[in-house]
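*Asks:* Heads up: the sequence shown at position 102 corresponds to 102 in the working numbering, and the numbers run straight through without jumps. C-beta atoms are modelled at their ideal positions from N, C-alpha and C, and glycine is treated no differently. Quick one: structure below, then a few questions.
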Amino acid sequence: MKRNLTFLIVLLAIGLFIFLGIALGRYSSRMMAAQIPEAACTLTMADIIQSAKGNVYEVDDPNYIEPASYNLVTYSVSEDEIINPVFDSIPSDLKDEQQDTALQKEAWQIFTTLIPSDDRQMVTQYMIFTDGSESTLAAVEQTEDDLTNWIVEVDLADLDNKDALFFTLIHEYAHLLTLNESQVSVDEEVFNDPYNIALLESKAAACPNYFDGSGCSLPNSYINTFHQRFWVDINDEWEKIDSLQYADDLSPYYDGLYNFYLNHQDQFVDDYSTTHPAEDIAESFAYFVFSPKPEENLIKDQKILFFYEYPELIELREQILNNICTSFPE
Ligand SMILES: [Zn+2]
Numbered sequence: 001m002k003r004n005l006t007f008l009i010v011l012l013a014i015g016l017f018i019f020l021g022i023a024l025g026r027y028s029s030r031m032m033a034a035q036i037p038e039a040a041c042t043l044t045m046a047d048i049i050q051s052a053k054g055n056v057y058e059v060d061d062p063n064y065i066e067p068a069s070y071n072l073v074t075y076s077v078s079e080d081e082i083i084n085p086v087f088d089s090i091p092s093d094l095k096d097e098q099q100d101t102a103l104q105k106e107a108w109q110i111f112t113t114l115i116p117s118d119d120r121q122m123v124t125q126y127m128i129f130t131d132g133s134e135s136t137l138a139a140v141e142q143t144e145d146d147l148t149n150w151i152v153e154v155d156l157a158d159l160d161n162k163d164a165l166f167f168t169l170i171h172e173y174a175h176l177l178t179l180n181e182s183q184v185s186v187d188e189e190v191f192n193d194p195y196n197i198a199l200l201e202s203k204a205a206a207c208p209n210y211f212d213g214s215g216c217s218l219p220n221s222y223i224n225t226f227h228q229r230f231w232v233d234i235n236d237e238w239e240k241i242d243s244l245q246y247a248d249d250l251s252p253y254y255d256g257l258y259n260f261y262l263n264h265q266d267q268f269v270d271d272y273s274t275t276h277p278a279e280d281i282a283e284s285f286a287y288f289v290f291s292p293k294p295e296e297n298l299i300k301d302q303k304i305l306f307f308y309e310y311p312e313l314i315e316l317r318e319q320i321l322n323n324i325c326t327s328f329p330e
């Protein structure tokens, strides 16, 4: 009897050991899968974040004039491919860039490699522009004929700096993520008359959630939740500065934004984030993707931790990091 009991206990122990072993194995392989992107990618991530640092409101040259920007070619997007290029008329010195299909496709492939297909269904056009090197690297905007569709725009002159390109593409992607039709219902009247301040104010007053300047955000949208949590206290102060951008002389506006940043450095991941709440969430998202999970708890850390509240965004972050670090190792 005693021997039998011992036998049973040994059997149970072996069983438990095997079960625990399997469970632990599963757990640790899942942990490893989650840690692979960061572990393999730490250097790349740090470089990408570093590329985003810079004082955007400190203009060295007081006579600085924004360079002219030219649209070169617009493609339609079909699944992962770009088709049917439509060429713009441009100065003759830009013909080479306009005809450089290989480089244009390379930039598109970087975007499609970074962002999983299901997460970029709103992108229906891809446009190549240039304003020379630096200045604007990339942008997104709605198509004119359907405000639920979006155009991804890339400057062909800025493809050499891959780190800055990765950061900017993820920043731009964050706009698609936070402003698409499942998040904000774009107001057609405002879209067609964006400088009509009276119209904007009446639409904003009628919106029970955050009005982002183009439409009323939905109650559970990322941007509404983000705005309610992080912007309510500073919104009045910021709006006074924001209104200065309609003046002829823009230096009070830029100085105002920079001082606003200096006064609230604990709240913003960088100075560009103070431009607009939509820029703040986009910039914070790019930091969420490329930074390790914050260990401190300043408001700027909370803005990164905000995205960890959404399992779909944690998964998207892992996919983006995996895609970058396997397709573009240092
Ligand atoms: Zn932006």
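Rounding to the nearest angstrom, what Cα-Cα distance links L72 and T168 in this structure?
*Replies:* Looking at the two C-alpha atoms, the distance is approximately 20 Å.
*Asks:* Counting Cβ pairs closer than 8 Å, one from the region 81-89 and one from the region 198-217, do we hit at least three?
*Replies:* No, the region 81-89 is not in contact with the region 198-217.
*Asks:* Mind listing which residues have their beta carbon within less than 6 Å of any non-hydrogen atom of ligand 1? Chain order is fine.
*Replies:* Checking every Cβ against the heavy atoms of ligand 1 under 6 Å gives H171, H175, E279, A282.
*Asks:* Determine the closest residue to H276 out of Y310, F226, I324, with distance taken between C-alpha atoms.
*Replies:* That would be F226, whose Cα lies nearest to the Cα of H276.
*Asks:* Can you give me the C-alpha to C-alpha distance between E181 and P116, rounded to a whole angstrom?
*Replies:* Taking the straight line joining both Cα atoms gives about 18 Å.
*Asks:* Leaving out five residues on either side along the sequence, give the residues of the same chain with a beta carbon under 7 Å from the beta carbon of D155.
*Replies:* Hits under 7 Å: F129, T130, D131, T136, L137, A138.
*Asks:* Just list the beta strand (DSSP E) runs in the region 133-158, keeping only unbroken ones of 3 residues or longer that don't cross its boundaries, in chain order.
*Replies:* Taking only runs of at least 3 residues, the beta strand (DSSP E) segments lying wholly in the region 133-158 are 138-142, 150-155.
*Asks:* DSSP three-state label for P116, please.
*Replies:* In the structure shown, P116 sits in coil (DSSP, three-state: anything other than H, G, I, E or B).
*Asks:* I'd like the list of long-range same chain contacts for G25, defined as Cβ closer than 7 Å, with 5 residues on each side in sequence excluded.
*Replies:* Low confidence applies here, because G25 scores a pLDDT of 42, under 50, leaving its location unreliable and the question unanswered by this model.
*Asks:* From F307 to I110, what distance separates their C-alpha atoms?
*Replies:* So the alpha carbons of these two residues sit roughly 23 Å apart.
*Asks:* Work out the CA separation of Y258 and V186 for me, nearest whole Å.
*Replies:* Cα-Cα distance, rounded: 29 Å.
*Asks:* Tell me which same chain residues have a C-beta within less than 7 Å of the C-beta of P67, skipping the five on either side of it?
*Replies:* Closer than 7 Å at the Cβ level, and outside the excluded window around P67, lie D131, G132, S135.
*Asks:* Quick one: Cα of T113 to Cα of Q183, how far?
*Replies:* Near 24 Å, if we compare the C-alpha coordinates of Q183 and T113.
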